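Counted the way numbering that gives the first Met the number 0 counts, the sequence shown spans residues 0 to 303.
Quick reminder that beta carbons are idealized off the backbone N, C-alpha and C, glycines included.
Only a predicted model underlies this, so the values are computations on that prediction, with no experimental measurement involved.
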Amino acid sequence: MQNILFTTTQEDAGVRLDKYLAGQSVNLTRSFLQKQIKEGNVLVDSVPRKANYKLKPVQEIEVRIPPANESEIVPQDIPLDILYEDADLLVVNKPKGMVVHPAAGHASGTLVNAVMYHCRDSLSGINGTLRPGIVHRIDKDTTGSLIVCKNDESHVRIAEQIKEHSVRRIYRGIVSGSLRRTESVIEGNIGRHPTNRKKMAVVTKGGKPAITHYRVIEQWRDAAYLEFRLETGRTHQIRVHMASIGHPLLGDPVYGNPKNPYRLTGQALHAMTIGFVHPRTGAYTEVTAPIPEYFTELAKKLKK
Numbered sequence: 000m001q002n003i004l005f006t007t008t009q010e011d012a013g014v015r016l017d018k019y020l021a022g023q024s025v026n027l028t029r030s031f032l033q034k035q036i037k038e039g040n041v042l043v044d045s046v047p048r049k050a051n052y053k054l055k056p057v058q059e060i061e062v063r064i065p066p067a068n069e070s071e072i073v074p075q076d077i078p079l080d081i082l083y084e085d086a087d088l089l090v091v092n093k094p095k096g097m098v099v100h101p102a103a104g105h106a107s108g109t110l111v112n113a114v115m116y117h118c119r120d121s122l123s124g125i126n127g128t129l130r131p132g133i134v135h136r137i138d139k140d141t142t143g144s145l146i147v148c149k150n151d152e153s154h155v156r157i158a159e160q161i162k163e164h165s166v167r168r169i170y171r172g173i174v175s176g177s178l179r180r181t182e183s184v185i186e187g188n189i190g191r192h193p194t195n196r197k198k199m200a201v202v203t204k205g206g207k208p209a210i211t212h213y214r215v216i217e218q219w220r221d222a223a224y225l226e227f228r229l230e231t232g233r234t235h236q237i238r239v240h241m242a243s244i245g246h247p248l249l250g251d252p253v254y255g256n257p258k259n260p261y262r263l264t265g266q267a268l269h270a271m272t273i274g275f276v277h278p279r280t281g282a283y284t285e286v287t288a289p290i291p292e293y294f295t296e297l298a299k300k301l302k303k
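Written out as structure tokens, the structure is:
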């Protein structure tokens with residue numbers, strides 16, 4: 000059984016236990032945490048507490064993570080483009096169109112199906128049976144670098160870095176229009192769209208802080224090739240931020256031009272580089288996924 004410890008501060012006084020964990024957890028899903036609270040696996044000063052328990056300063060919270068149940072997901076022999084691998088983790092170059100983990104409408108053919116076949120029984124179980132090894136994700140039509148953890152210890156340590164925003168994440172993307180600035184920073188809280196709950200949006204109330212740095216690599220007449228650096232990792236962050244300043248990603252079916260003049264399958268976005276402190280060695284490790292062919296072909300069209 001894996002145990003994760005937290006210690007409350009003066010600022011946490013009066014905060015509900017479930018809300019505290021939702022903000023402090025190492026990438027554990029809210030439903031998973033709620034289940035552990037109900038089953039008595041969350042202890043405050045060694046005593047199991049309910050979700051609505053009000054915390055006090057300097058209390059020790061222990062989250063006991065039970066061994067993962069045997070997964071019902073079927074391993075599938077799907078080719079993986081592995082950029083890095085050792086006994087603790089691997090970094091894969093996720094192709095366009097591949098969903099990261101099973102969900103409604105995508106029960107098979109996911110990255111999880113593929114890594115379960117490749118890793119056999121060596122995957123972390125912290126995120127439950129549907130997400131073995133998954134410590135973070137990228138969208139279905141975004142390509143590029145994705146970390147998969149082979150054990151719970153690696154999962155916890157990588158998730159801590161993601162939570163602290165210390166993982167280096169560099170993206171490449173192609174957006175519409177001509178940008179006035181060659182470099183800039185976009186800051187704006189991201190939350191659910193006020194009228195369309197399937198979309199995210201830059202919101203004035205609520206949401207989570209999000210910061211995106213961008214740099215223009217090449218400017219064409221009707222589009223631009225950009226490099227992005229993320230300080231935070233919110234859902235659809237780059238897509239939402241660029242759309243909010245009037246330069247959505249080409250091919251984006253949610254935030255972009257619905258006419259899709261270049262007939263792209265999803266947004267032109269690539270998670271190029273990911274850098275992190277290795278969970279076992281402590282050495283800084285950086286992995287870069289090569290630019291996909293469709294990027295190169297699209298750039299040729301835009302230059303003309």
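For residue i, the nearest candidate out of the options (CA to CA)
i, options, result
"residue 230", "14, 193, 198 and 186", "186"
"residue 136", "18, 119, 44 and 92", "92"
"residue 82", "274, 278 and 44", "274"
"residue 157", "75, 10, 43 and 276", "276"
"residue 109", "301, 126, 212 and 133", "133"
"residue 122", "302, 197, 100 and 149", "149"
"residue 34", "141, 126 and 212", "126"
"residue 87", "221, 280 and 193", "280"
"residue 138", "96, 302 and 79", "96"
"residue 209", "164, 79 and 171", "164"
Pair within 8 Å by beta-carbon distance, residue i and residue j
i, j, result
"residue 244", "residue 268", "no"
"residue 298", "residue 143", "no"
"residue 151", "residue 124", "yes"
"residue 246", "residue 199", "no"
"residue 173", "residue 249", "yes"
"residue 145", "residue 90", "yes"
"residue 167", "residue 295", "no"
Residue i to residue j span [Cα, whole Å]
i, j, result
"residue 175", "residue 224", "9 Å"
"residue 252", "residue 264", "8 Å"
"residue 255", "residue 9", "44 Å"
"residue 155", "residue 300", "44 Å"
"residue 270", "residue 283", "18 Å"
"residue 226", "residue 169", "7 Å"
"residue 376", "residue 214", "Residue 376 cannot be examined here, being either before or after the span of the chain that is shown, 0 to 303."
"residue 233", "residue 286", "21 Å"
"residue 30", "residue 222", "41 Å"
"residue 220", "residue 178", "10 Å"
"residue 2", "residue 262", "49 Å"
"residue 183", "residue 242", "15 Å"
"residue 293", "residue 65", "43 Å"
"residue 102", "residue 192", "22 Å"
"residue 12", "residue 302", "58 Å"
"residue 43", "residue 51", "12 Å"
"residue 79", "residue 94", "9 Å"
"residue 194", "residue 257", "18 Å"
"residue 171", "residue 46", "48 Å"
"residue 147", "residue 201", "29 Å"
Own chain residues within Cβ distance below 8 Å of residue i, not counting five before or after
i, result
"residue 32", "17, 20, 21, 24, 41 and 62"
"residue 77", "108, 112, 113 and 116"
"residue 39", "47"
"residue 203", "188"
Neighbourhood of residue i by C-beta, 6 Å cutoff - its chain only, sequence neighbours within 5 removed
i, result
"residue 14", "54"
"residue 74", "115 and 116"
"residue 206", "188, 189 and 190"
"residue 105", "98"
"residue 181", "215"
Own chain, CB closer than 7 Å to residue i, minus 5 neighbours either side, in chain order
i, result
"residue 57", "6 and 7"
"residue 259", "250"
8 Å contact criterion, which residue i and residue j should meet: CB distance rounded
i, j, result
"residue 212", "residue 228", "4 Å"
"residue 60", "residue 49", "No, residue 60 and residue 49 are not in contact; Cβ-Cβ is about 13 Å, not under 8 Å."
"residue 100", "residue 130", "5 Å"
"residue 153", "residue 291", "With a Cβ gap of about 27 Å, residue 153 and residue 291 do not count as contacting."
"residue 266", "residue 140", "6 Å"
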